[in-house]
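Q:
Below, the structure is given as structure tokens:
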């Protein structure tokens, strides 16, 4: 904790505020979202398709609008989208607790999703600007606060849920309202690099980003890493429920805690260790290899042995979290380097759009593969494919590095 505090204080005031801001954002988000589906189905009596629609709208409005959020950040400055996102999530979370008709719930869900699309690219671009040459350290520290919010949020939400779901929503909305006020009063205004200009059209901004071939190749190469990370929400819980039955839910909750705890405790140490030993591209490759190999023990776990499966699940979560902790700060730094310090938020927005699309398609493919494996008694198949995805991502990034495509690209402006 002392190391985290010293590291945090070594950054400028704006960066420190963004780190605390992200902790509060995740605390409020995860105190509500894990329990929303149960509230919609059990509390409000919505049909399963309606619950899926409400949750799907939130995901689509966030993943599909990241590019818009990044573009606005580059044009208006980073502070305005961050404030607007916090304010919009205040309204959305407040509505989720106090409305019960489907159209209003859909509107509230869309608002919470678009809020994330507004502040996520802006926060990362702002942090990169504030950190300067210390971007890797800044993103590592930022991720500690990010994961700590994820770790504590569900616990706070569970405690509040003992009283009423409306209380959960009200407290979460109050957190975002306080964050909105805090950003307004305390967050210094910042804009993108000197090449960013309001006179440039939006289409010209987008064409400049799309013309950045090294960035696009890196974005595609990294899609698989997000598919691997998301299996904490899909494949691993399925394996826990299938093998451990009623105890699977408790095990899944424990896996979330282990994953966040590894990142909180190990992020700064892992980043420092990787920086001393490897080049950034080497750290990315090795982290991706670890993420892929995380699923290998599950492919060889004897079927029917709950102890073996539980051990493999824990090993998978620890390796996945450690690999992600190694990858994340170098990944975020690489996006900035490939942007040439121009239209950084728009690059982050498009990068997040790629990863969101990859998660959606990856989940569909993983679910279909899981069903196929069950029908054909090939339980090893999903884990083998996930391992192969991680190794393929690592090979792709290694290939980009070997051909010099992960250097600091300088995309040229494209005329409108």
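Residue numbers (my numbering): 225 to 640.
The C-beta atom is built at its ideal place from N, Cα and C for all residues, glycine as well.
Ordered along the chain, which non-local residues of its own chain (more than five positions away) have a Cβ less than 7 Å from that of residue 488?
A: 368, 371, 372, 375
Q: For residue 539, which residues from the same chain have a beta carbon less than 6 Å from its beta carbon, with the 5 sequence-adjacent residues on both sides left out?
A: 521
Q: Going by beta-carbon coordinates alone, are residue 242 and residue 274 separated by less than 9 Å?
A: no
Q: Pull up the distance between the alpha-carbon of residue 290 and that of residue 251, whole angstroms please.
A: 21 Å
Q: Hey, which unbroken runs of the alpha helix (DSSP H) at 4 residues or more fall wholly within the stretch 459-487?
A: Within the stretch 459-487, the complete alpha helix (DSSP H) segments of 4 residues or longer fall at 459-468, listed in chain order.
Q: In whole angstroms, give me the CA-to-CA distance for residue 277 and residue 266.
A: About 16 Å.
Q: With a cut-off of 8 Å, do at least 3 Cβ pairs link the stretch 292-299 to the stretch 337-349?
A: yes
Q: Three or more C-beta pairs closer than 8 Å, one from the stretch 452-467 and one from the stretch 476-491: is that the case here?
A: yes
Q: Rounded C-beta distance between residue 443 and residue 575? I'm assuming under 8 Å.
A: 5 Å
Q: Go to residue 327, then tell me how far its alpha helix (DSSP H) extends in each direction, as first and last residue.
A: 326-355
Q: Leaving out five residues on either side along the sequence, give the residues of the same chain with a beta carbon under 6 Å from the beta carbon of residue 419.
A: Model confidence at residue 419 stands at a pLDDT of 47, short of 50, so the residue's coordinates are unreliable; what they give is reported in the following sentence. Within the same chain, and ignoring the five residues on either side of residue 419 in sequence, the residues whose Cβ sits closer than 6 Å to its Cβ are 566.
Q: Return the first residue and the last residue of the alpha helix (DSSP H) that residue 627 is part of.
A: Segment: none, residue 627 is in no alpha helix (DSSP H) and carries neither H nor E.
Q: Should residue 519 go down as buried or exposed, given a rule of 16 or more other Cβ atoms within 10 Å for buried?
A: Per the 10 Å Cβ criterion, buried.
Q: Could you check the C-alpha separation between residue 490 and residue 356 for me, to the nearest Å?
A: 23 Å
Q: I'd like the span of the alpha helix (DSSP H) that includes residue 578, first residue to last.
A: 568-599
Q: Could you give the first and the last residue of the continuous alpha helix (DSSP H) run that contains residue 313?
A: Run containing residue 313: 303-322, per the alpha helix (DSSP H) assignment.
Q: Who are the Cβ neighbours of residue 605 in its own chain at under 6 Å, not counting the five residues just before and after it?
A: 597
Q: Between which two residues does the alpha helix (DSSP H) carrying residue 240 extend?
A: Start and end: 237-256.
Q: Would you give the residue range spanned by the alpha helix (DSSP H) that residue 413 belongs to?
A: Per DSSP, residue 413 belongs to no alpha helix (DSSP H) and is neither H nor E.
Q: Have a look at 579, 599, 600 and flag the residue whose alpha-carbon is nearest the alpha-carbon of residue 286.
A: 579
Q: Report the residue from 248, 337, 428, 537 whose alpha carbon sits nearest the alpha carbon of residue 404.
A: 248
Q: Can you tell me the Cβ-Cβ gap for residue 621 and residue 499, rounded? I've got them flagged as a contact below 8 Å.
A: Not confirmed; about 17 Å, so no contact.
Q: Residue 382 by DSSP, collapsed to three states: which one?
A: helix
Q: Can you give the Cα-Cα distance for residue 517 and residue 544, rounded to whole angstroms?
A: 8 Å
Q: Hey, out of 583, 436, 307, 308, whose CA is closest to residue 568's CA?
A: 436
Q: Leaving out the 5 sequence neighbours to the left and right, which residues in its chain are closer than 8 Å to residue 330 when beta-carbon positions are compared?
A: 277, 278, 281
Q: With a 10 Å radius around its C-beta and 16 neighbouring C-beta atoms as the bar for buried, classify residue 433 as buried or exposed.
A: buried
Q: Locate the alpha helix (DSSP H) running through residue 563, then write down its first and last residues.
A: 530-563
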